[in-house]
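There are 2 protein chains.
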Amino acid sequence: MFNNILIVGCGLIGSSILRGSISKNISKNIYVFEKSKKNITFIKKISKKIKFLNNINHQVSNMDLIVLSTHMSQYKIIIRKLQKYVSSKNTITDTGSTKRNIEKLIDKNKKFKEIFVPSHPIAGSEVSGPEHGNKNLFKDKWCIILKNRIKSKNKLKKVERFWKKLGSKIIFMNSVDHDKIFSITSHLPHLIAYNLVKTAIDFQKRNKKNIIKYSAGGLRDFSRTAASNEIMWRDIFFENKDNIINSINIFIKNLNSFKKLIENQNNKSILKILKNSKKVRKEIIDLKQDISKPNFGRDIL
Amino acid sequence: MFNNILIVGCGLIGSSILRGSISKNISKNIYVFEKSKKNITFIKKISKKIKFLNNINHQVSNMDLIVLSTHMSQYKIIIRKLQKYVSSKNTITDTGSTKRNIEKLIDKNKKFKEIFVPSHPIAGSEVSGPEHGNKNLFKDKWCIILKNRIKSKNKLKKVERFWKKLGSKIIFMNSVDHDKIFSITSHLPHLIAYNLVKTAIDFQKRNKKNIIKYSAGGLRDFSRTAASNEIMWRDIFFENKDNIINSINIFIKNLNSFKKLIENQNNKSILKILKNSKKVRKEIIDLKQDISKPNFGRDIL
């Protein structure tokens, strides 16, 4: 499919792209640029065919596709480095979890505007690092691509084909919708999980009771989400600030209403909310975003 | 171990007790009192040895152990019915998720005060009904027993042995501590999950966008928790009202502080909170309340 692709940043996402690309024979040569020596040691074990760039250098100009999969806070530096070597022959995409910020970054630079097709694969885990990468991470998962950003249909097609080859289902979207939608379906849930765990820590300190050991009744599942990579999530919280603050406000409003329903023992309204949640669950399963198999904790019964 | 036990209410929890009791040969005869005909059909398939009570009647007086596993809102009616037949020879326990309310109920009645040993097994799922019951549901899980409630050491021992036989690890606690602790580790997480899903529904309605399909980034996992039985959870929210309202208030306070940290892009404080969450996760795994295996969504990679 390609002659040369370059993966910039090879953690959980980058190494999953790497493994998938090898498995699907996506490119004759696969290059990796990764700063962490520890990560490089892991990556070398995946396949002997992987080529490493020690620097962002002239070789970059030969890449058919460059995939950024570093933390978003690294983008500025990397774009600055890439700038020297890329031309209209190259195509760039990325995997960042917020998109308006990436667009703004690209818009500042005419060269990038013509070759950068931002994307966001909706896949991940609470673990990070290349040792957890998986060639099927993107299989049957959505990948959002920002359309209308780029004049070259050829480059758009290239990025689309790339993700399809890794198993993704493509959705075209604009960055404004993207950042709004994921502030609710992804950023708010993570933020809430972090703050729920914080609330438990605070309680434990104040009451001098070990409550974490009783986490099986609910806290446990949130703690998994709250174990996600802190750099990635700090970047998301900062980069999608306005939408996230708005989401927090709506959520707090809902919490306050719910609190009143409890105070007044409003049976009918509470049951309605709880039942509606169940319907959403069914919808999620019907949309094949989860399986219906019950969960009793992740240890096997 | 016993000659006769009676399980009152045979949904997910009751039928798991039933299956575990059969598997561990806990009693010569196992009786079930269950109102739903649909449930009875399922339960009959589990074993031919199960005996059914059509009513709470004089047979109750022969039971060595009576286990209440109905919704808590049914307790009053059941206790009223049991009252006619139980004596100091019987022992009663239960599985309710809040305990101060049960204690109050017992305290009103001298007879029950002497034979009722309240307990709470920390196990469950988002699914309900006897078809999902599992004989190992309580294996290696905590079971909280209210000590100091009962004079008879014999009855306390009986309840303790019963849960141990089902595989539980016993913790003795008072009801005030119990209801405080679980308001944080269980009730608040569920309440939050319900309200997060509600926030997503509201957003979807207001923006006329189908966002549920993008739930894989976090919302999905919350939706599982938010699919839990609505009667059970309404009962919990009402019965542990004061602690839960207090927990909501602390949580909202934390959310507002976090919002300010995002607004001010307070890098250091945000990273500290996110990193501390990860430590709790490690603690939960070390305490064997979850496994360390990464989750990429519950479909297998």
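Just so you know, the protein sequences line up as chains U and R, in that order. Sequential numbering from 157 applies to the first sequence in my numbering. Sequential numbering from 157 applies to the second sequence in my numbering. We put the CB at the ideal spot given by N, CA and C, even for glycine. Note that the coordinates shown come from a computational prediction; the quantities given were computed from them, not determined experimentally.
Check                                                                                                                                                                                         : Outcome
Count the CB pairs spanning the stretch 284-296 of chain R and the stretch 217-224 of chain R that are closer than 8 Å, and state whether there are at least three.                           : no
Using beta-carbon positions only, say whether U/Phe268 and U/Gly176 come within less than 8 Å of one another.                                                                                 : no
At which residue ranges does the stretch 280-356 of chain R contain complete beta strand (DSSP E) runs of 3 or more residues, listed in the order of the chain?                               : 298-302 and 325-329
Contact defined as beta carbons within less than 8 Å: I believe U/Asp391 pairs with U/Ser229. What is the distance between those atoms, to the nearest angstrom?                              : 5 Å
Shortest alpha-carbon distance to R/Gly374 belongs to which of U/Asn310, U/Phe393, U/Ser339 and U/Lys364?                                                                                     : U/Ser339
Helix, strand or coil, according to DSSP, for R/Leu168 in the structure here?                                                                                                                 : helix
Whole angstroms is fine: what's the gap from U/Gln239's alpha carbon to U/Gly323's?                                                                                                           : 30 Å
In its own chain, which residues sit with a C-beta less than 6 Å from the C-beta of U/Asn210, not counting the 5 before and 5 after it?                                                       : none
Exposed or buried, R/Lys364, counting other C-beta atoms within 10 Å across all chains shown (16 or more means buried)?                                                                       : exposed
So U/Asn351 contacts chain R; which residues on that side make the cut at Cβ distance below 7 Å?                                                                                              : Phe407, Asn410, Leu411 and Phe414
Can the beta-carbon of R/Gln445 be found less than 8 Å from the beta-carbon of U/Ser371?                                                                                                      : yes
Between which residues of its own chain and R/Ser379 is the CB-CB distance below 7 Å, once the five residues before and five after are set aside?                                             : Val353 and Ser371
So is R/Tyr231 in contact with chain U if we call contact Cβ pairs under 8 Å?                                                                                                                 : no
Taking only the alpha-carbon atoms, compute the straight-line gap between U/Ser413 and R/Asp333 and give it to the nearest angstrom.                                                          : 27 Å
Applying a beta-carbon distance threshold of less than 7 Å, which residues of chain R neighbour U/Phe359?                                                                                     : Ile340
Could you name the residues of chain U that R/Gly374 contacts, counting a contact when the two beta carbons are closer than 7 Å?                                                              : Thr341, Ser342, Pro345, His346 and Thr381
Leaving out five residues on either side along the sequence, give the residues of the same chain with a beta carbon under 6 Å from the beta carbon of U/Phe328.                               : Ile301 and Lys303
Given this structure, state the Cα-to-Cα distance separating U/Gly170 from U/Arg317, to the nearest angstrom.                                                                                 : 17 Å
Cα-Cα, which of U/Lys409, U/Ile357, U/Ile404 and U/Leu347 is closest to R/Thr341?                                                                                                             : U/Ile357
Of all Cβ atoms in chain U, is any one closer than 8 Å to the Cβ of R/Pro450?                                                                                                                 : yes
If we cut at 8 Å on Cβ distances, does R/Trp298 have a partner in chain U?                                                                                                                    : yes
Identify, in the order they occur along the chain, each residue of the same chain with its Cβ nearer than 7 Å to the Cβ of R/Asn396, setting aside the five sequence neighbours on each side. : Thr254, Asp335, Ser339 and His343
Please compile the residues from chain R whose C-beta is within a distance smaller than 9 Å of the C-beta of U/Gly170.                                                                        : None at all; the shortest Cβ gap to chain R is about 16 Å.
Pull up the DSSP beta-bridge partners for R/Ile222, would you.                                                                                                                                : R/Leu162 and R/Ile248
Check whether the Cβ atoms of U/Ile387 and U/His227 sit closer than 8 Å, and answer yes or no.                                                                                                : yes
I need the boundaries of the beta strand (DSSP E) containing U/Phe189, first residue and last residue.                                                                                        : Ser183 to Phe189
By the criterion of Cβ-Cβ separation under 9 Å, what are the contact partners of R/Gly289 in chain U?                                                                                         : Residues of chain U passing the Cβ test: none, with the nearest at roughly 10 Å.
Identify whether R/Phe452 lies in helix, strand or coil by the three-state DSSP scheme.                                                                                                       : coil
For U/Gln421, which of R/Leu427, R/Asn159, R/Lys438 and R/Ile401 has the nearest alpha-carbon?                                                                                                : R/Ile401
On the DSSP bridge list, what partners appear for R/Ser253?                                                                                                                                   : Note: R/Ser253 sits in no beta bridge, so no partner.
With 8 Å as the limit, tell me which residues of the stretch 360-371 of chain U have their beta carbon closer than that to any beta carbon of chain R; keep them in chain order.              : Asn363, Lys365, Ile367, Ile368, Lys369, Tyr370 and Ser371
Please compile the residues from chain R whose C-beta is within a distance smaller than 8 Å of the C-beta of U/Val283.                                                                        : Pro450
Exposed or buried, which one is U/Ser384 when buried takes at least 16 other CB atoms within 10 Å?                                                                                            : buried
For the alpha helix (DSSP H) containing R/Ser203, name the first residue and the last one.                                                                                                    : Taken as a continuous stretch (DSSP letters only), R/Ser203 belongs to no alpha helix (DSSP H), as it is neither H nor E.
Taking R/Ser217 as part of the beta strand (DSSP E), name the residues at either end of that continuous run.                                                                                  : Unbroken run through R/Ser217: none, as it is neither H nor E.
Note down, in chain order, each residue of its chain lying with its Cβ closer than 6 Å to the Cβ of R/Asn257, except the 5 sequence neighbours on either side.                                : Glu395
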